[in-house]
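Below: the structure, in structure tokens.
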Amino acid sequence: MLIYSYDVSQNGLLFEKQTSAFNLQRAIALYGKDLIQHWQNRLYPYPEALAVAMVQKHLKFRPFDGQHILTKRLEIPMLYENNCAITRWLLNMLFALNRVYHPGFKWTRYFVAEMNIKPPEFFARLERVFQSDAASGTPELRRLVEETFDLVEQCLPQVDLKQQRETFNRLYPKWELPVDR
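For the sequence shown, position 103 (counting from the first letter as 1) is numbered 107 according to our numbering, and the numbering increases by one without interruption.
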């Protein structure tokens, strides 16, 4: 079972087992109330080991300097594809930090509003990342990642972020192109 194996498996973007757990926690029994209540009770509390596994699985951040390079070049499709991936990793970690079984990526505005642990004004800032120009959105996304890293260190100190922060902050070499051709 999910709560004993700390299962973080996915099928595409869907965490099927966690989504089932999320839905079961919020189920209103029309029949078999005792059985539903039994399973709901087994889902509490959200296991700390599952939170750690979810966070560790989604520490996939590459050097953010690549986002700055894409922004300068106005490589909009790649920039926004990366922004979407980074956003999903942030949400996955925030669900774990808040000890919420992952419900999927629909209605995230409402689920984020219920979260106690998140960067200030998380969803409004996330909207600005996608709705503003690339030059404004990129630094905002970087701040959201850094603030989420800080929250991971506060809430799950057993998760070592040293290597991830080094990778995230690494700069790509700048190549000087010859002016004369």
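Just so it is clear, CB atoms sit at the ideal spot from N, CA and C, and this is done for glycine as well.
Beta-carbon proximity check, residue i vs residue j, cutoff 8 Å
{"i": "Leu155", "j": "Ile121", "result": "yes"}
{"i": "Ile80", "j": "Ala128", "result": "no"}
{"i": "Tyr105", "j": "Gln44", "result": "no"}
{"i": "Leu160", "j": "Ile90", "result": "no"}
{"i": "Val149", "j": "Val56", "result": "no"}
{"i": "Met58", "j": "Met119", "result": "no"}
{"i": "Gln168", "j": "Leu54", "result": "no"}
{"i": "Phe99", "j": "Thr171", "result": "no"}
{"i": "Thr152", "j": "Pro124", "result": "no"}
Enclosing alpha helix (DSSP H) for residue i [first to last residue]
{"i": "Pro81", "result": "Ile80 to Leu101"}
{"i": "Asp154", "result": "Ala138 to Cys159"}
{"i": "Arg77", "result": "Asp69 to Arg77"}
{"i": "Lys21", "result": "Glu20 to Gln29"}
{"i": "His42", "result": "Lys37 to Arg46"}
{"i": "Leu54", "result": "Glu52 to Lys61"}
{"i": "Arg113", "result": "Thr112 to Glu118"}
{"i": "Val133", "result": "Phe126 to Gln135"}
{"i": "Arg169", "result": "Lys166 to Asn173"}
Buried/exposed call for residue i, threshold 16 Cβ in 10 Å
{"i": "Leu94", "result": "buried"}
{"i": "Tyr35", "result": "exposed"}
{"i": "Asn173", "result": "exposed"}
{"i": "Phe134", "result": "exposed"}
{"i": "Pro107", "result": "buried"}
{"i": "Tyr114", "result": "exposed"}
{"i": "Leu175", "result": "exposed"}
Rounded separation between residue i and residue j - CA only
{"i": "Gln41", "j": "Tyr48", "result": "11 Å"}
{"i": "Ala25", "j": "Arg92", "result": "19 Å"}
{"i": "Lys21", "j": "Ile32", "result": "19 Å"}
{"i": "Asp38", "j": "Phe19", "result": "26 Å"}
{"i": "Leu130", "j": "Asn27", "result": "25 Å"}
{"i": "Thr75", "j": "Lys178", "result": "15 Å"}
{"i": "Phe126", "j": "Arg46", "result": "31 Å"}
{"i": "Arg103", "j": "Lys110", "result": "18 Å"}
{"i": "Gly70", "j": "Ser136", "result": "19 Å"}
{"i": "Thr23", "j": "Glu180", "result": "49 Å"}
{"i": "Glu157", "j": "Arg77", "result": "34 Å"}
{"i": "Lys61", "j": "Pro67", "result": "17 Å"}
{"i": "Leu101", "j": "Glu52", "result": "9 Å"}
{"i": "Arg147", "j": "Asn86", "result": "15 Å"}
{"i": "Ser140", "j": "Thr112", "result": "23 Å"}
{"i": "Met82", "j": "Val116", "result": "26 Å"}
Min CB distance residue i to chain C below 8 Å
{"i": "Glu20", "result": "Protein chain content of the structure displayed is limited to a single chain, and chain C is not contained in it."}
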